[in-house]
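In this note's numbering, the protein residues as written are 401 to 528.
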């Protein structure tokens, strides 16, 4: 995974990398979201404990292959009201998965802005 990041980024600098490596679960990391899918991966590969992150639920439904691929990369769907009410009940499964991960000393990563924006300023926090 580190190699994949080096393809997209020529100079990766991590402040507090030693501290991040020492972190053990159960742990919830709340981060901003400037760079799409790579944000979660770039954080997760720095952690020694298993790390999972939450992503928009509608992405899992776009193509059958997406659900398998995202699940294999430890991505868990969060269904938002803006995607329609039909899938909101599936969040119960998401909450249970997060509880199980934390119970097993894993790490859950949440991008609190709820959207990927290329900006140097923190975006408003979103729920769901």
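Built from N, CA and C at the ideal position, the CB exists for glycine as well.
In angstroms, rounded to a whole number, what distance separates the CA positions of residue 431 and residue 480? 19 Å
Classification of residue 453 by the beta-carbon crowding that lies within 10 angstroms, buried from 16 upward: buried
Please go through the same chain and pick out, in chain order, the residues whose beta-carbon is closer than 8 Å to the beta-carbon of residue 483, but skip the five residues on each side of it. 456, 457, 458
Neighbour-count burial assignment, residue 500, 16 or more Cβ in a 10 Å radius: exposed
From residue 494 to residue 474, what distance separates their C-alpha atoms? 12 Å
Straight-line gap, residue 449 to residue 506 (C-alpha atoms, nearest Å): 6 Å
Going along the chain, which unbroken runs of the beta strand (DSSP E) with 3 or more residues stay wholly within the segment 452-480? 475-478
Whole-Å CB distance - residue 476 paired with residue 497, under 8 Å assumed: 5 Å
Does DSSP put residue 501 in a helix, in a strand, or in coil? helix
Work out the CA separation of residue 509 and residue 428 for me, nearest whole Å. 6 Å
Contact check, residue 447 vs residue 423 under 8 Å by CB: the rounded distance? 6 Å
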